[in-house]
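Number of protein chains: 2
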Amino acid sequence: MTPARSRRPGAPTRTERGIPEATVARLPVYLRALTALSDSGIATASSEDLATAAGVNSAKLRKDLSYLGSYGTRGVGYDVEYLRYQIAREIGVTQDWSVVIVGIGNLGHALANYSGFGTRGFRIVALLDADPELVGDSVGDMVVRDFAELEDIVASDGVAIGVITTPAGPAQEVCDRLVKAGVTSILNFAPVVLSVPDGVDVRKVDLSIELQILAYHEQRKSGEAALAEVPELPAMNGLTDLPSVGGGFGA
Amino acid sequence: MTPARSRRPGAPTRTERGIPEATVARLPVYLRALTALSDSGIATASSEDLATAAGVNSAKLRKDLSYLGSYGTRGVGYDVEYLRYQIAREIGVTQDWSVVIVGIGNLGHALANYSGFGTRGFRIVALLDADPELVGDSVGDMVVRDFAELEDIVASDGVAIGVITTPAGPAQEVCDRLVKAGVTSILNFAPVVLSVPDGVDVRKVDLSIELQILAYHEQRKSGEAALAEVPELPAMNGLTDLPSVGGGFGA
DNA sequence: CCGATTTTGTTCTCACGTTCACAAACTCCT
DNA sequence: AGGAGTTTGTGAACGTGAGAACAAAATCGG
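Written as structure tokens, this is what we have:
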């Protein structure tokens, strides 16, 4: 049942530099699919099986995996555990990453309480907020600490990843402090465009934007009748009465 | 200061069908930038100004806007209010969209409490959960209702958009129910690949994936020393001791 | 009214991403 | 052992997106 691992002498000359960004974004999906298969007791899966589980095309999956190396066996498929390890290693989640969350409002609370964190290669080492009212509160099994402690925490815990769940206003300032303290990857939930120096990665999660994208397609579905209802060139004097669109996850 | 609006007789022959998906995804960002400029009392902005505010290249911004029509004035720039309305109309947020949230756990709570919803073209009409313990609880100014009421609510309020904030387990089932009730756009926070019939749009927000993408780049930054520390081909007998990677926003 | 200046809208080119299609490689059955 | 059947890995074709560059159109100063 377990396939030959085919560690052939002429090693696959692993992709020297640069897995395409689109592929990187899908690797975590494959990882999750593999974990699910593994939990179901499935030891081997074809690219077709995996692709179905991950919700992608099998050719795309094979090409994606080929950037990592040649980890399958022709005529058989992929060893689930083996491939899972390889992808985990490539992503970097075989080691643990320390994470700080800044801004313990509604969303910060939700993320802090999210139990499935530690088991996935990420460890929340601190919850920070600048509001003295919040500092000292306990959230789950952690206590909210003062944002002023940031530098110490980053230095002592080797934090590389920061999560910003503040309102839009202070987000850039928080970001600057994070970067100055040595954080080089930021996950931003605040509805602002953060500017960071080269070498720092920012990823954005924005609920409003997602909903607006859905709204766009939704509008298209309802036939063009809906479009015709809205005047293309409205009288300018009515413009200030518009609902305040835009914005996002602020306080 | 206000430019001529240039409603020339040969109308711009608005893009008949199909704004590129990449452009659609950026329109909400432009909308937000325009709203910010508008709030600052700025009446006119060049593509350069807008691009800076939105964090993109100005050529890209101009090309994106050109898909909507010719709403700028050469030598001058764009009228902020006018362009804001045009983008809002194109996205479809000049009208209100009714939204239901299913799964009132930590995250559902956070979204329900998010006050900046109603002002942005989205109206939460119901919070639903299947857990009898939760039904009847009040969250913000709303009350959690039984998931069984879904069909009635969708029918009476014309709900087109559903947000899934349940754990992974029930997500597909919830999704099926939503679709059957008539929801045609779904924003999914559960860490599963949802399968839906044609004509239904799904967008996914996944914290674990975002963090893992950051981790990948972070690993690359720390020089290749880090890569070398991890064996490329570990002994297979150690594999089951791996931390359980993958998964995501479950209970 | 005209030329200088500004800034848009668009064309062209290149890079990236997706999909097809098939040879290579492996297993299984006779 | 050999042929039939599977499934990977990848080359090639195609489509989409990004960025540079420039002509067209507008303003402004004289």
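Residue numbers (our numbering), protein chains in the order written: chain P, 1 to 251; chain Z, 1001 to 1251. Don't be surprised by glycine CBs; every beta carbon is placed ideally from N, CA and C.
In its chain, beyond the 5 residues on either side, Val179, Val183, Thr184, Ser185 and Ile186 have a beta carbon closer than 8 Å to the beta carbon of valine 200 of chain P. One thing to note: threonine 1023 of chain Z has its Cβ no nearer than 7 Å to the Cβ of aspartate 1079 of chain Z. With at least 16 other beta carbons inside 10 angstroms of its own, proline 28 of chain P counts as buried. Residue contact check for glutamate 1149 of chain Z against chain P: no CB pair falls below 7 Å. Under the Cβ criterion of 7 Å, arginine 203 of chain P is counted among the residues facing chain Z. Within the segment 1105-1162 of chain Z, the runs of beta strand (DSSP E) at least 3 residues long that lie entirely inside it are, in chain order, 1122-1129 and 1142-1146. Excluding residues up to 5 positions away in sequence, Ser58, Leu61 and Arg62 lie with their Cβ nearer than 6 Å to the Cβ of serine 47 of chain P in the same chain. Nearest to arginine 1145 of chain Z by alpha-carbon distance, out of Z:Leu1134, Z:Val1154 and Z:Ala1155, is Z:Leu1134. One finds Leu214, His217 and Glu218 in chain P with Cβ atoms closer than 7 Å to the Cβ of serine 1185 of chain Z, taken in chain order. For tyrosine 1071 of chain Z, the three-state secondary structure derived from DSSP is coil. The bridge partners DSSP lists for threonine 1044 of chain Z are Z:Asp1079.
For the 7 Å CB-CB criterion, serine 98 of chain P and glycine 158 of chain P form a contact. The beta carbon of serine 1066 of chain Z sits closer than 8 Å to none of the beta carbons in its chain outside the five residues before and after it. C-alpha of glycine 103 of chain P to C-alpha of phenylalanine 1189 of chain Z: approximately 20 Å in a straight line. For the 7 Å CB-CB criterion, glycine 18 of chain P and tyrosine 1216 of chain Z do not form a contact. Along the segment 163-181 of chain P, none of the residues has a CB nearer than 7 Å to a CB of chain Z. DSSP places leucine 1194 of chain Z outside both helix and strand once states are collapsed to three, so it counts as coil. Closer than 7 Å to the CB of valine 1143 of chain Z there is not a single CB belonging to chain P. Using a Cβ-Cβ cut-off of 8 Å, glutamate 210 of chain P is close to Leu1187, Arg1203 and Val1205 of chain Z, given in chain order.
For alanine 25 of chain P, the closest Cβ of chain Z is nearer than 7 Å. Leucine 127 of chain P and valine 1125 of chain Z have their C-alpha atoms spaced approximately 32 Å apart. For alanine 190 of chain P, the nearest beta carbon of chain Z is not closer than 7 Å to its own beta carbon.
Counting the other CB atoms within 10 Å of its CB gives alanine 1155 of chain Z a total below 16, which places it among the exposed residues. By the neighbour-count criterion, in which 16 or more other beta carbons inside 10 Å mark a residue as buried, aspartate 206 of chain P falls on the buried side. The three-state reading of DSSP puts isoleucine 91 of chain P in helix, counting H, G and I together. Per DSSP, reduced to three states, the secondary structure at valine 1029 of chain Z is helical.
Here the alpha carbon of glutamate 218 of chain P sits roughly 8 Å from the alpha carbon of alanine 1160 of chain Z. By the CB criterion at 7 Å, glutamate 1151 of chain Z and alanine 1181 of chain Z fall inside the cutoff.
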